[in-house]
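Peer 1: Each residue of the sequence shown is one higher than the last, beginning at 104 in this note's numbering.
The beta carbon of each residue, even a glycine, is placed where N, CA and C say it ideally should be.
One structure, pasted below without further comment.
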Amino acid sequence: MKWTVTRIATLWLGLLLGLVGFWSGCDVSLPEPPPDVLIPYNTVKVGWGPVFLAHGDLNRDGNQDLVVANSKDHTLTFLFGRGDGTFESPQTLPVPVEPSHIVITDINHDNTPDLLFNSEGGEAFQVLLGKGGGTFHPMQRFRPGRYPSPSSSATTTATATRTWR
Numbered sequence: 104m105k106w107t108v109t110r111i112a113t114l115w116l117g118l119l120l121g122l123v124g125f126w127s128g129c130d131v132s133l134p135e136p137p138p139d140v141l142i143p144y145n146t147v148k149v150g151w152g153p154v155f156l157a158h159g160d161l162n163r164d165g166n167q168d169l170v171v172a173n174s175k176d177h178t179l180t181f182l183f184g185r186g187d188g189t190f191e192s193p194q195t196l197p198v199p200v201e202p203s204h205i206v207i208t209d210i211n212h213d214n215t216p217d218l219l220f221n222s223e224g225g226e227a228f229q230v231l232l233g234k235g236g237g238t239f240h241p242m243q244r245f246r247p248g249r250y251p252s253p254s255s256s257a258t259t260t261a262t263a264t265r266t267w268r
């Protein structure tokens, strides 16, 4: 096949007409905005400097509750869930020194959730034994050593000789 000026011009003209036909048949308007794929969320005010969040059913109502460790104002914030993604009004508990980690578990095997958290500045961890209904007995303090972390809290509670009942 020999390429002549006529053949090249015909090829370019066909390509040009094809593109014009394509563009004239297409809708070139801007697309609709994309759908909102994110689920709406609620913002809940907690204490100053939240650093850790734990969840569990603290009051045994079948709904997940949250506990937030607030290091700057030395508090724990309790948010009791309603079961629909919202929470009751926050309740705040002052704690000795900078809470930074929280563990929710039943350490005394009474079928009531208990709360363990460490206080970084105080080289100790605190235990709140659950009374039921999302309430707790007075705080108990334990000194596992310098710079307690969740792993040292778990090890200390597992090897402690204290009777929890």
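Please check if any C-beta of chain B sits within less than 8 Å of the C-beta of G117.
Peer 2: In the structure shown, chain B cannot be found, because there is only a single protein chain.
Peer 1: Specify the secondary structure class of R268 as computed by DSSP and reduced to three states.
Peer 2: Confidence at R268 is low in this model, with a pLDDT of 45, below 50, so its placement is unreliable and the value that follows should be read with caution. Residue state, collapsed to three classes: coil.
Peer 1: Just the Cα atoms here: how many angstroms apart are P199 and Q229?
Peer 2: Answer to the nearest angstrom: the Cα atoms are 9 Å apart.
Peer 1: Can you grab the Cα-Cα spacing for the pair G236 / V170, in whole Å?
Peer 2: Cα-Cα distance, rounded: 15 Å.
Peer 1: When burial is assigned at 16 or more other CB atoms within 10 Å of the CB, is T109 buried or exposed?
Peer 2: Its Cβ having fewer than 16 others within 10 Å, T109 is exposed.
Peer 1: On the DSSP letters alone, give me the boundaries of the beta strand (DSSP E) that H158 sits inside.
Peer 2: Segment P153 to G159, the beta strand (DSSP E) holding H158.
Peer 1: For F245, write down the residues that DSSP places opposite it in a beta bridge.
Peer 2: Paired residue(s): F228.
Peer 1: In or out: L116 buried (at least 16 other Cβ within 10 Å) or exposed?
Peer 2: The residue in question, L116, is exposed, as its Cβ has fewer than 16 Cβ neighbours within 10 Å.
Peer 1: Check this for me: beta carbons of T195 and G150, under 8 Å apart or not?
Peer 2: In contact: T195 and G150 (Cβ atoms closer than 8 Å).
Peer 1: Could you name the residues that DSSP lists as bridge partners for P197?
Peer 2: The partner list for P197 (beta bridge, DSSP) reads T178.
Peer 1: What does DSSP give as the partner residues of T238 in its beta bridges?
Peer 2: DSSP lists G235 as partners of T238.
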